[in-house]
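Going by UniProt numbering, 107 is the number at position 107 of the sequence shown; the sequence numbering is gapless.
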Amino acid sequence: MIQQLKKYYAKDIKINEAILSEDYSWFLIDGNRVGIRKSRLHKRECQLLSSLLTPIHTDTCYETKIEKYWYEALYQSKDIQITSVRFLHFFTTHPITEREEFHNALHSIFGFDTPTIWETSQTGVLILTENISEYRLQTALDTLETDFFISLSFFVGRHYTQTNQVSHLYQWERNLFSYLSPYLSKKITYIEQLLPYQLMTLLPKEKREKYTNCLLENISNDKELIESIKVFFQCNLNVSLAAKQLYLHRNTLQYRIDKFIEKTGLNIKTFEGAVAVYLAFLSLNIS
């Protein structure tokens with residue numbers, strides 16, 4: 001990989017420099033720090049490299065010993081053994097200059113202190129050792145957006161126990177979130193909601209389109225019906241809850257579900273049928 005990059009970028013690549021220049025985008029490849037001049041990288045190239053490799057962020061900030069400890073574990077592959085951890089990734093639309101105030105606000109909302117590793121002025125990760133409810137996450141999101149005049153998104157990773165692969169797991173989550181975030185509309189997303197997206201993006205475009213067309217051809221123009229079934233899925237196949245969110249009578253939504261089943265031949269009241277159609281909906285979002 002490194003030899004191929006050296007051949008392609010020639011004089012615009014640096015390897016294992018003592019100081020990581022801000023003029024370069026840096027990546028970790030087989031333990032080597034590889035930098036490519038930013039002016040040479042097109043946006044799509046940078047996105048592709050970031051999804052395939054482990055980015056190294058030169059403007060990372062940590063304030064405490066425990067944050068330095070975690071920074072070294074996540075970005076320098078320091079060998080550590082953890083018993084329980086969950087990564088809460090955050091992304092903002094604008095740089096956060098008041099980092100201490102941001103951290104203090106999180107501490108106040110969550111009710112406990114948590115190490116915060118800044119990757120850039122707009123992205124970072126909270127190291128959680130306690131569970132946080134979605135209600136509290138939503139409260140934090142609403143409060144921070146109002147107080148700091150930003151648009152904020154949370155991506156909630158898996159709960160890991162008894163592992164020494166913390167750097168690998170963190171980078172896997174981070175790359176997954178970065179790659180798939182353009183397809184997401186929710187402000188709070190859990191990793192299990194991303195994995196089906198990953199499966200669909202691995203398919204060639206023509207195969208995704210063929211899969212979607214085969215399943216949804218007979219209802220592709222009925223936007224109201226499609227939206228109703230999407231909400232039905234979001235409510236975990238709960239007709240009453242979905243009807244409430246759609247401001248419909250329960251019988252009206254039940255009629256639409258039956259209509260969908262009749263037109264597609266797919267029984268979305270079953271787990272298997274719902275999964276098949278759900279993947280088709282994800283394919284529509286990706287396209």
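C-beta atoms are modelled at their ideal positions from N, C-alpha and C, and glycine is treated no differently.
For this session: To the nearest angstrom, report how far apart residue 135 and residue 3 are at their CA atoms.
Result: Within the sequence shown, the letter at position 135 stands for residue 135. Within the sequence shown, the letter at position 3 stands for residue 3. If I take the Cα positions, the gap works out to 49 Å.
For this session: Pick helix, strand or coil for residue 286, following the three-state DSSP scheme.
Result: Walking along the sequence shown from the start, residue 286 turns up at place 286. DSSP places residue 286 in helix when its eight states are reduced to three.
Exercise. Hey, residue 154 and residue 137: beta-carbon distance below 9 Å or not?
Worked result: Along the sequence shown, one-based indexing puts residue 154 at 154. Along the sequence shown, one-based indexing puts residue 137 at 137. Yes.
Exercise. Skipping 5 residues on each side, what residues in its chain have a beta carbon closer than 7 Å to that of residue 284?
Worked result: Sequence index remark: in the sequence shown, residue 284 carries index 284 (1-based). Contacts found: 212.
Problem set entry | Complete runs of the alpha helix (DSSP H) confined to the region 123–151 [at least 4 residues] | Taking only runs of at least 4 residues, the alpha helix (DSSP H) segments lying wholly in the region 123–151 are 134–148.
Exercise. Name the DSSP bridge partner or partners of residue 35?
Worked result: In the sequence shown, counting from the first residue as 1, residue 35 sits at position 35. Answer is 14 and 26.
Exercise. Nearest-angstrom Cα distance between residue 83 and residue 160?
Worked result: Residue 83 sits at position 83 when you count from the first residue of the sequence shown. Residue 160 sits at position 160 when you count from the first residue of the sequence shown. Cα-Cα distance, rounded: 8 Å.
Exercise. Could you give the distance in angstroms between the alpha-carbon of residue 45 and the alpha-carbon of residue 240?
Worked result: Locating residue 45 in the sequence shown gives position 45, where the first residue counts as 1. Locating residue 240 in the sequence shown gives position 240, where the first residue counts as 1. CA-CA distance, residue 45 to residue 240, rounds to 46 Å.
Exercise. Hey, out of 130, 176 and 69, whose CA is closest to residue 52's CA?
Worked result: As a working note, residue 52 is residue 52 in the sequence shown. Comparing Cα positions, the closest option is 176.
Problem set entry | Proximity below 9 Å, CB of residue 90 to CB of residue 128 | Within the sequence shown, residue 90 is the residue found at index 90, counting from 1. Within the sequence shown, residue 128 is the residue found at index 128, counting from 1. Residue 128 is positioned such that its CB atom lies no closer than 9 Å to that of residue 90.
Exercise. When the distance is taken between beta carbons, is residue 27 closer than 9 Å to residue 48?
Worked result: Start at 1 with the first residue of the sequence shown, and residue 48 comes out as number 48. Start at 1 with the first residue of the sequence shown, and residue 27 comes out as number 27. Remark: C-beta atoms of residue 48 and residue 27 do not approach each other more closely than 9 Å.
Problem set entry | 4-residue-minimum alpha helix (DSSP H) runs that sit fully inside the region 41–115, ordered along the chain | Whole alpha helix (DSSP H) segments, 4+ residues: 43–52, 65–75 and 99–110.
Exercise. Looking at residue 117 and residue 71, is the spacing between their C-beta atoms short of 9 Å?
Worked result: Here residue 71 refers to the residue found at position 71 of the sequence shown. Here residue 117 refers to the residue found at position 117 of the sequence shown. Result yes, Cβ atoms of residue 71 and residue 117 sit closer than 9 Å.
Problem set entry | residue 152 versus 123, 103, 273 and 87, residue with shortest Cα-Cα distance | Residue numbering aside, residue 152 sits at position 152 when the sequence shown is read from its first letter. Residue 123 is the option with its Cα nearest to residue 152.
For this session: For residue 191, name the three-state secondary structure that DSSP assigns.
Result: Residue 191 sits at position 191 when you count from the first residue of the sequence shown. Reduced to three states, the DSSP call for residue 191 is helix.
Exercise. To which residues of the same chain is residue 170 closer than 7 Å at the C-beta, ignoring the five residues directly before and after it?
Worked result: One-based indexing of the sequence shown puts residue 170 at position 170. Cβ contact annotation for residue 170 (same chain, cutoff 7 Å, sequence separation greater than five): 74 and 87, in chain order.
Exercise. Considering only the beta carbon of each residue, do residue 166 and residue 233 sit closer than 9 Å?
Worked result: For the purposes of this step, residue 166 is taken as residue 166 along the sequence shown, with counting starting at 1. For the purposes of this step, residue 233 is taken as residue 233 along the sequence shown, with counting starting at 1. Against a cut-off of 9 Å, the Cβ pair of residue 233 and residue 166 comes out as no contact.
For this session: Can you give me the Cβ contacts of residue 253 inside the same chain, cut-off strictly under 8 Å, excluding the 5 residues immediately before and after it?
Result: Within the sequence shown, the letter at position 253 stands for residue 253. Leaving aside the five residues that flank residue 253 on each side, the residues in its chain whose CB is nearer than 8 Å to its CB run, in chain order, 228, 232, 239, 242, 243 and 246.
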